[in-house]
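See below for the structure under consideration.
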Amino acid sequence: MSVIREDFREILRLVRPGARVLDVGCGEGELLELLTREKGVEGRGLEISPEGVSACLARGLAVVQGDADDDLDYFPARAFDYAVLSQTLPQVRQPRHVLSELLRIAERAVVSLPNFGHWRVRFDLVTHGRMPLTHSLPTPWWSTPNIHLCTLRDFTALCDDLGLRIEACAALANGSPARPIDPKRGLENWRAESALFLLSHAEGQTAPRDVGPPKSDLFG
Amino acid sequence: MSDGETALSFIETRCEVARFPASQPLRLDSGGEIRGLEVAYNTYGRLNAQRTNAVLVCHALSGDQYAASRHPASGKAGWWDKMVGPGLPLDTDRYFVIATNVLSGCSGTTGPASIDPATGEPYGLTFPVITVADMVRAQKLLLDALGIEQLFAVVGGSMGGMQALQWAADYPERMFSVVCIAAAARHSAQNIAFHEVGRQAIMADPDWRGGDYLRQNVRPEKGLAVARMAAHITYLSEQALQRKFGRELQRDGLSWGFDADFQVESYLRHQGAAFVDRFDANSYLYITRALDYFDLAAAYGGHLANAFQRARDVRFCVFSFTSDWLYPTPESRQIVRALNAAGARASFVEIDSDKGHDAFFLDEPVLHDALTGFLTSAGHARGLS
Numbered sequence: 097m098s099v100i101r102e103d104f105r106e107i108l109r110l111v112r113p114g115a116r117v118l119d120v121g122c123g124e125g126e127l128l129e130l131l132t133r134e135k136g137v138e139g140r141g142l143e144i145s146p147e148g149v150s151a152c153l154a155r156g157l158a159v160v161q162g163d164a165d166d167d168l169d170y171f172p173a174r175a176f177d178y179a180v181l182s183q184t185l186p187q188v189r190q191p192r193h194v195l196s197e198l199l200r201i202a203e204r205a206v207v208s209l210p211n212f213g214h215w216r217v218r219f220d221l222v223t224h225g226r227m228p229l230t231h232s233l234p235t236p237w238w239s240t241p242n243i244h245l246c247t248l249r250d251f252t253a254l255c256d257d258l259g260l261r262i263e264a265c266a267a268l269a270n271g272s273p274a275r276p277i278d279p280k281r282g283l284e285n286w287r288a289e290s291a292l293f294l295l296s297h298a299e300g301q302t303a304p305r306d307v308g309p310p311k312s313d314l315f316g
Numbered sequence: 002m003s004d005g006e007t008a009l010s011f012i013e014t015r016c017e018v019a020r021f022p023a024s025q026p027l028r029l030d031s032g033g034e035i036r037g038l039e040v041a042y043n044t045y046g047r048l049n050a051q052r053t054n055a056v057l058v059c060h061a062l063s064g065d066q067y068a069a070s071r072h073p074a075s076g077k078a079g080w081w082d083k084m085v086g087p088g089l090p091l092d093t094d095r096y097f098v099i100a101t102n103v104l105s106g107c108s109g110t111t112g113p114a115s116i117d118p119a120t121g122e123p124y125g126l127t128f129p130v131i132t133v134a135d136m137v138r139a140q141k142l143l144l145d146a147l148g149i150e151q152l153f154a155v156v157g158g159s160m161g162g163m164q165a166l167q168w169a170a171d172y173p174e175r176m177f178s179v180v181c182i183a184a185a186a187r188h189s190a191q192n193i194a195f196h197e198v199g200r201q202a203i204m205a206d207p208d209w210r211g212g213d214y215l216r217q218n219v220r221p222e223k224g225l226a227v228a229r230m231a232a233h234i235t236y237l238s239e240q241a242l243q244r245k246f247g248r249e250l251q252r253d254g255l256s257w258g259f260d261a262d263f264q265v266e267s268y269l270r271h272q273g274a275a276f277v278d279r280f281d282a283n284s285y286l287y288i289t290r291a292l293d294y295f296d297l298a299a300a301y302g303g304h305l306a307n308a309f310q311r312a313r314d315v316r317f318c319v320f321s322f323t324s325d326w327l328y329p330t331p332e333s334r335q336i337v338r339a340l341n342a343a344g345a346r347a348s349f350v351e352i353d354s355d356k357g358h359d360a361f362f363l364d365e366p367v368l369h370d371a372l373t374g375f376l377t378s379a380g381h382a383r384g385l386s
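From first to last, the protein sequence lines are chains A and B.
Per this note's numbering, residue 97 is the first one in the first sequence, and the count goes up by one each step.
Per this note's numbering, residue 2 is the first one in the second sequence, and the count goes up by one each step.
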């Protein structure tokens, strides 16, 4: 089971049945199709490649060709219950803006990203002095779409800065089941190869509506 | 009602004209009305027993109802025969495709060349100025007459796409899905400017006779041909023109005169000449005017999203082409963003093509695949077999 599939499995577990979901960077629509089939969600997608959009249309999904940097601004506030950004945040031009937009248009955001603080990444960099190649960072520096890599600590700091609440977090690793973690623990910043966050606005920032299952159910 | 029936290979085709009694006038945005309206239309395929598989195909400026059948005058294949037919995206084995000639057209539907029942003479410039919404209203009268309560889809490219959007704004309950290809929600200054060149060319022709040419037994062919030549350039991309013609000459060497030295000149002249055989100059004036007046958001306080508020349950699919500079991609994006803002179920694909605006008439595999995917899945949702 690859990291991406674990990612999907976790998202599937966490999304409330019948919810309105926007998948940003939805590719060929595998996740949206899964969510539609298994959870009966009302799904929408945003995808940059015309081939991806075309494949989504053939699956019966409603998908707009566009990208996270430019097109989220045009969705009305609270149009969705969940906005999903799967392994895409390091690829956007303005991660900070995109993150706040996700939580403007959706009650909750599900964001997964590779952890640049993982021990293997640090080890590669320190011992070989070269950009690391790992399961969650599989492409060489000259062809990677990632332009804004970060560690778990970087990401949680950004969430604090934006007034976002981390409702739950799970570490994802190639071939093993998701593991609920506290992303602010220093050890996890070494251990987690990739992580999935469930985010919402911190109390008092907005008036959150109770849309999801209790926190303890989110990651099994 | 029936004007005859044509069997074209294996598509079941009917060519008809619906005639509405004077007691059922078409009311117009201008405040006027048209009595004794006639709407010419072709159908392809069969309406199912539940009457749920009807697809309305809306044509572009110079189009007609012969979407998938040979044009009786020009003998040319249907303008969308790559899209409408058995096994094609608008599959006539699954859908009942209706293609009408637009209001103020010149292919059978009432227009400025029609006889005004009040005078017994061609309307000419006494024909009222109409809008895209009026075109849609005429189509709606036809659907009412055919007993089709809800279309499975309204599909159109260019001006046809604008009609499809207008349909969604005015009668959202009358359709399950909308396909809008290479269009815009309003005419831009550049769009209006090009149309004005065309109209001025027609009106500058001495044979236009203040629009009264039909009664005087002449036709402003030169003016109409120039209008078509100017417009045709906007339908093609710079790359397509360059690839097709470059600086190639018609003959060896230059003429040192004003003959068509270059192949591109000869091509445009041919386009102009072929057009005057099948199109009426006054129709051209009225239709371009309707397009220039088109601004879907205007009736909604300038907020396009409000135009789609009632269409939230309609499935939309919007297409644009990278090299279309007549209705470029940002125009389609504006439509899509308004649809998203309205909470409608919108899909959008920008197709990579160097063929310009007219790409929607041509073989574009991504368009065909995406449209097939969209319609097939919408068909499942609608319960079409």
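Each residue gets a CB set at the ideal place from its N, CA and C atoms; glycine is no exception.
Treat the numbers as computed from the prediction; the structure is a model and nothing was measured.
{"Query": "Whole-angstrom distance between LEU269 of chain B and ALA194 of chain B, CA atom to CA atom", "Result": "20 Å"}
{"Query": "Completely contained alpha helix (DSSP H) runs for the stretch 262 to 291 of chain A, where each covers 4 or more residues", "Result": "282 to 287"}
{"Query": "Contacts of VAL111 of chain A in chain B (Cβ-Cβ under 9 Å)", "Result": "Neighbours of VAL111 of chain A on chain B: none; closest Cβ ~19 Å, over 9 Å."}
{"Query": "Span of the alpha helix (DSSP H) around ALA169 of chain B", "Result": "160 to 171"}
{"Query": "Beta-carbon neighbours of GLY121 of chain A, restricted to chain B and to distances below 9 Å", "Result": "Per Cβ cutoff of 9 Å: no residues; GLY121 of chain A is ~15 Å from chain B at best."}
{"Query": "Neighbour list for ILE352 of chain B in chain E, Cβ cutoff strictly below 7 Å", "Result": "No chain E appears in the structure shown, which is made up of the protein chains A and B."}
{"Query": "DSSP beta-bridge partners of ALA373 of chain A", "Result": "A question about residue 373 of chain A goes unanswered here, because the residues of chain A that appear run from 97 up to 316."}
{"Query": "Entirely enclosed beta strand (DSSP E) segments - the stretch 343 to 378 of chain B, minimum 3 residues", "Result": "346 to 352"}
{"Query": "Whole alpha helix (DSSP H) elements within the stretch 134 to 183 of chain A, 4-residue minimum", "Result": "146 to 154 and 164 to 167"}
{"Query": "Proximity test, Cβ basis, 8 Å: PRO186 of chain A and chain B", "Result": "no"}
{"Query": "Pairwise C-alpha distance: PRO366 of chain B and LEU153 of chain A", "Result": "14 Å"}
{"Query": "Which residues DSSP lists as bridging THR101 of chain B, in chain order", "Result": "B:TYR42"}
{"Query": "Rounded straight-line distance, which links the Cα of ASN270 of chain A to that of HIS231 of chain A", "Result": "7 Å"}
{"Query": "Spatial neighbours of ARG204 of chain A in its chain, beta-carbon cut-off 8 Å, leaving aside the 5 residues before and after", "Result": "ASP177, TYR178, ALA179, GLU263, LEU294, LEU295, SER296, VAL307 and GLY308"}
{"Query": "Bounding residues of the beta strand (DSSP E) (the contiguous stretch that carries GLU13 of chain B)", "Result": "12 to 20"}
{"Query": "Positions along the stretch 159 to 180 of chain A whose CB lies within less than 8 Å of some CB in chain B", "Result": "VAL159, VAL160, GLN161, GLY162, ASP167, TYR170, PHE171, PRO172 and ALA175"}
{"Query": "First and last residue of the uninterrupted alpha helix (DSSP H) at ARG316 of chain B", "Result": "Unbroken run through ARG316 of chain B is the beta strand (DSSP E), 316 to 322; no alpha helix (DSSP H)."}
{"Query": "Members of the stretch 363 to 378 of chain B near chain A, C-beta cut-off 7 Å", "Result": "VAL367, ASP370, ALA371, GLY374, PHE375 and SER378"}
{"Query": "Neighbour-count burial assignment, LEU283 of chain A, 16 or more Cβ in a 10 Å radius", "Result": "exposed"}
{"Query": "Cα-Cα separation between HIS233 of chain B and LEU221 of chain A, rounded to whole angstroms", "Result": "59 Å"}
{"Query": "DSSP state of PRO236 of chain A mapped onto helix, strand, coil", "Result": "coil"}
{"Query": "Exposure label - GLY238 of chain B; buried when at least 16 CB within 10 Å", "Result": "Per the sequence presented here, residue 238 of chain B reads as Ser, with Gly not at that position. Label assigned to SER238 of chain B: buried."}
{"Query": "Test: PHE349 of chain B CB closer than 8 Å to a CB of chain A", "Result": "yes"}
{"Query": "Any chain A beta carbon closer than 8 Å to GLY302 of chain B", "Result": "no"}
{"Query": "Under 8 Å by beta carbon: chain B residues contacting VAL137 of chain A", "Result": "Within 8 Å Cβ-Cβ: nothing; VAL137 of chain A doesn't reach chain B, min ~13 Å."}
{"Query": "From B:SER189, B:ALA190 and B:ALA169, residue whose alpha carbon lies closest to that of VAL180 of chain B", "Result": "B:ALA169"}
{"Query": "Contact under 8 Å by Cβ, VAL103 of chain B with ILE288 of chain B", "Result": "yes"}
{"Query": "PHE309 of chain B to LEU340 of chain B span [Cα, whole Å]", "Result": "6 Å"}
{"Query": "Beta-carbon proximity list for GLY112 of chain B, same chain, < 6 Å, skipping 5 on both sides", "Result": "SER105, GLY106 and SER284"}
{"Query": "First through last residue of the beta strand (DSSP E) which encompasses ALA55 of chain B", "Result": "55 to 59"}
{"Query": "Beta-carbon contacts of HIS304 of chain B that lie in its chain and below 7 Å, excluding the five residues immediately before and after", "Result": "ALA298"}
{"Query": "Chain B within 8 Å of LEU153 of chain A, Cβ atoms only", "Result": "yes"}
{"Query": "CYS246 of chain A, DSSP secondary structure in three states", "Result": "coil"}
{"Query": "Test: VAL337 of chain B CB closer than 8 Å to a CB of chain A", "Result": "yes"}
{"Query": "Burial state of ASP359 of chain B, where buried means 16 or more other Cβ atoms lie within 10 Å", "Result": "buried"}
{"Query": "Below-8 Å beta-carbon distance, HIS381 of chain B vs any chain A residue", "Result": "yes"}
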